[in-house]
Amino acid sequence: MSLSSYLDAHVLHIVPWVGAICTLGLYSVLYKENKIFRFFEHLFLGLATGYMIATTWNDVLLPKWWTPFHDEGKWWLAFALAAGALYYLIYSKKYNWMARMIIGLFLGASAGQQFQIFVNDVWPQIYKSFKPLVPHAAIAAASGHPAIKAVTTSDAINNIIFMVILLCVMSYFFFSFEQKNSFLKGTAKSGRWLMMFTFGAIFGSTIMARLALLIDRMDFLLNDFGSDAFGDNGPKIVLVGLLALTGLVLYLGLKKGGDDPGADVV
Amino acid sequence: MASLFVPAKGGAWDIRVVGVFALCVLLFALLQLTPKQYRKYVIQFVTLIAGLYYALEFFWPISHVTGPTKGEAEGNFLTPSMEQISDWLTIIAAFTVGLGVINLSMVHSKRLTKGGNTAFNSLVFFLATLAMVVVGVLKKSHPNSLTSNLYQILFDGALTTLDATMFSIIAFYIVSASYRAFRVRSTEATILLITAVVVMLGQIAVGQALTRGIHSSTLQVLHFEVVRDWILTLANAAAVRAIGFGLGIGGLAVALRIWLGLERGSYFDGQG
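Order-wise, the sequence lines are chains S and Y.
Per our numbering, the very first residue in the first sequence carries number 8; after that it's consecutive.
Per our numbering, the very first residue in the second sequence carries number 923; after that it's consecutive.
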C-alpha cells in the first residue's frame, strides 16, 4: 500500500488523533513546564513559520511577482526583487543604511496613506457623534430634506450620556497643554474612570473568547476525537480519562506543596 | 517610455533581467558613495517622495479618469497608477518574510550546533518549518490527493489545533490576572472588574438566569443581558470612539512628523 492510498483511506482518522495529541501536549504545561510542552511549542512555531512562508509565496509572490516576471516575461519586476533585497542589508554593518532607505519608503507610504485613513475612518465618526439631545416627534420628509426619526426621552438621555462620556474621555487625551483648569482636571479624571468601562468590557469579552476556545477544545476532545477513536462511548471514555488526568495533576500539585503549577510560564 | 516596458521571452528576457540587476548594483554602488553625514537626507528624501505620492493623490482635485483595470472612475492623474503601486509595495513587503525566518533560523541553528537539552526542539522547529513549506507550496503547484492529505494533517490536524489550544491556555492565566487586578483596590480597577463581570454574566445563561426573577417592566433594565447591551452599545461605544479620535489625531501627527523628516530617534538620526 503506497503512502498516498494509505492516507486516502485513513486521513480522517489521523487528523483527530494528531489534534488530540497536540492539544494534550500543550495542556501539559498547566501542570508545569515540561519537555512535552516544549516539543509541541516548537512544533507550533515551526509549522506557523512554514505556513507563513508558504502563504506568502502562494498568495502574494507567486501570482503577483513570479508568474508575471518569469512566465509572462515582465522583466522589469526584477526591480522589485532588488528593492526587497535592500531589507537584507540590515545584516551588513557597512551597507545597513540602505536597508533604512527601503524601510523609509514604506514609512513614507504609510504616512501618506494616513490622510486618507483619517478622513475615511475618523470623519464619519465625528459626524455621527453629533446626536440629538432634545426629545422630539418624527419629522416628515420635505423637499431636499430627508425624514427625521422621532427621539424619545430615553433616547435623548442615552444620547446625553453618550456625549458626556465622549467629551470626558476626549478631554483625558488633551496632552498639548498642562491640565491646570479644575473643570478640565475633573472631566479628564472622569474620562479615565469611564475608559475603565471600556477596558472592563474588553477584558470581559476577552475572557469569554478564551473560554469559548477552551470549550471548543474540550468539545473536540470529547466529541470529535472521542467518537472517532472509541466509537459511540468515546465521549464518556475521554471524559473519564480527562477527569483522571486532572485529578492526577491536582494530586501532584498538592503533593508538591501547593505552589502555583503554571507560575513559571506566565 | 511605455515601449520600453514590453514583456520579453527567452534570451531577451535574460538580457533585460541581467541588465536590471547590473543597473541596481551600479545605483547602490553610487549611493554608497554618499558621504555618511548626508545619508539621512537620502533616507528622508525617499520617505518624503513615497508619502508625497499618496498625499498628492488624496489632495489633488478629482475628475473622471480612465484606469488600467477598472475603466472609467473618479480620481486625478495619480489615481490610475494606485493599484500598480500598491501591488509593487505588496511584493516588496512580501520579501521581508525572509527577515523573520533568518532571525529564527539564526537562534535555532545556534542551539542546534551547541547541542544540549534545547537542540532537539530546534531540530523539531526546522523539520516542522520545512515540512509545512514543502507541503504548502506543493499543494498549490502540484495539487493531488497526497499533498492535499498531508496538508490536512499538518494544517487542520496540527497547526489549527495548536493555535486554538495555545490561546485557550490563556483562559487559565486570565483568572490569575483578575485576582492581581482586584488586589490593587483602586477606583479604576474596581470599575474595570465590575464591568467585566457584568459583561460576562450578561453573555452566559447562568448570568441571565440570575436576574430572570425581575418581572417588573420598569426594573427589567436591570437584567444582566440588558445592562451588558447598554454597556457595549453606549458607554463602551462612546469611550471607544473618543479613544479612536485620540488615536486618529495622534496617528496623523506622527505620520506628518515621519513624512516631513521631523521625527528623531536612532532610526531617523542614524547615519549608517
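Note that the Cβ used here is the ideal one computed from N, Cα and C, for glycine as well.
In this text the structure is predicted, and so the values were computed from the model without any measurement.
Expressed to the nearest angstrom, what Euclidean distance is found between the alpha-carbon atoms of residue i and residue j?
i, j, result
"Gln966/Y", "Ser183/S", "26 Å"
"Thr253/S", "Ile222/S", "16 Å"
"Gly269/S", "Thr1112/Y", "Interpretation of Gly269/S is limited by its pLDDT of 48, a score under 50 that renders its predicted location unreliable; the figure taken from the coordinates is listed afterwards. So the two alpha carbons sit approximately 26 Å from each other."
"Ile21/S", "Leu1178/Y", "54 Å"
"Pro1065/Y", "Trp1010/Y", "28 Å"
"Pro242/S", "Leu229/S", "4 Å"
"Ile1014/Y", "Ile164/S", "52 Å"
"Val273/S", "Thr30/S", "Low per-residue confidence applies at Val273/S: pLDDT is 37, beneath 50, and the placement is therefore not dependable, though the value from the model is reported in the following sentence. Between Val273/S and Thr30/S, the C-alpha separation is close to 19 Å."
"Gly238/S", "His17/S", "16 Å"
"Pro983/Y", "Val171/S", "38 Å"
"Leu259/S", "Ala216/S", "30 Å"
"Gln1130/Y", "Thr159/S", "27 Å"
"Pro957/Y", "Asn103/S", "14 Å"
"Leu173/S", "Val1176/Y", "23 Å"
"Leu218/S", "Gly932/Y", "58 Å"
"Ser1098/Y", "Val245/S", "28 Å"
"Leu1156/Y", "Ile1136/Y", "23 Å"
"His1145/Y", "Leu1154/Y", "14 Å"
"Asn240/S", "Asp1078/Y", "24 Å"
"Ser985/Y", "Glu979/Y", "12 Å"
Could you have a look at residue i and say whether DSSP puts it in helix, strand or coil?
i, result
"Gly1022/Y", "helix"
"Ser136/S", "coil"
"Val141/S", "coil"
"Pro929/Y", "coil"
"Phe1042/Y", "helix"
"Gly108/S", "Contrary to the premise, residue 108/S reads as Met rather than Gly in this sequence. Looking at Met108/S - three-state DSSP - the assignment turns out to be helix."
"Val273/S", "For Val273/S, the pLDDT reaches just 37, beneath the cut-off of 50, and the residue's location in the model is therefore unreliable, leaving the point undetermined."
"Val940/Y", "helix"
"Glu1185/Y", "coil"
"His20/S", "helix"
"Gly1135/Y", "coil"
"Ala1175/Y", "helix"
"Leu1141/Y", "helix"
"Ser99/S", "coil"
"Tyr38/S", "coil"
"Glu185/S", "coil"
"Leu69/S", "helix"
"Leu1011/Y", "helix"
"Arg1107/Y", "coil"
"Leu52/S", "helix"
"Met8/S", "coil"
Identify every residue that forms a DSSP beta bridge with residue i.
i, result
"Ile155/S", "Ile146/S"
"Gly80/S", "Partner(s): none; Gly80/S has no beta bridge."
"Gly997/Y", "Ser985/Y"
When the distance is taken between beta carbons, is residue j closer than 8 Å to residue i?
i, j, result
"Gly91/S", "Phe232/S", "no"
"Val1120/Y", "Arg1150/Y", "yes"
"Leu1174/Y", "Phe180/S", "no"
"Ala1086/Y", "Arg224/S", "yes"
"Met202/S", "Val176/S", "yes"
"Ala208/S", "Asn1158/Y", "yes"
"Phe943/Y", "Ala89/S", "yes"
"Thr969/Y", "Tyr94/S", "no"
"Leu54/S", "Ala1041/Y", "no"
"Gly119/S", "Leu1182/Y", "no"
"Ala157/S", "Ala149/S", "no"
"Pro929/Y", "Lys81/S", "yes"
"Ile43/S", "Ser35/S", "yes"
"Gly211/S", "Met1122/Y", "yes"
"Ala1050/Y", "Thr205/S", "no"
"Ile97/S", "Ala87/S", "no"
"Phe51/S", "Leu1084/Y", "yes"
"Lys1062/Y", "Ser1070/Y", "no"
"Leu953/Y", "Val940/Y", "no"
"Val256/S", "Tyr38/S", "yes"
Considering only heavy atoms of the ligand PLP, does any lie closer than 7 Å to the CB of residue i?
i, result
"Gln959/Y", "Ligands are entirely absent from the displayed structure, and the ligand PLP is therefore not among its contents."
Worksheet item: Does the count of Cβ pairs from the segment 1022-1039 of chain Y and the segment 126-138 of chain S closer than 8 Å reach three?
Response: Counting Cβ pairs under 8 Å, fewer than three are found: no touch.
Fill in: the segment 1139-1154 of chain Y / the segment 188-198 of chain S touching (three or more Cβ pairs under 8 Å)
Flag = no, the segment 1139-1154 of chain Y and the segment 188-198 of chain S do not touch.
Worksheet item: Is the number of C-beta pairs between the segment 1039-1057 of chain Y and the segment 53-62 of chain S that are closer than 8 Å three or more?
Response: Under the 8 Å Cβ criterion, the segment 1039-1057 of chain Y counts as touching the segment 53-62 of chain S, having at least three qualifying pairs.
Worksheet entry | Members of the segment 956-984 of chain Y near chain A, C-beta cut-off 9 Å | In the displayed structure, chain A is absent; the protein chains listed are S and Y.
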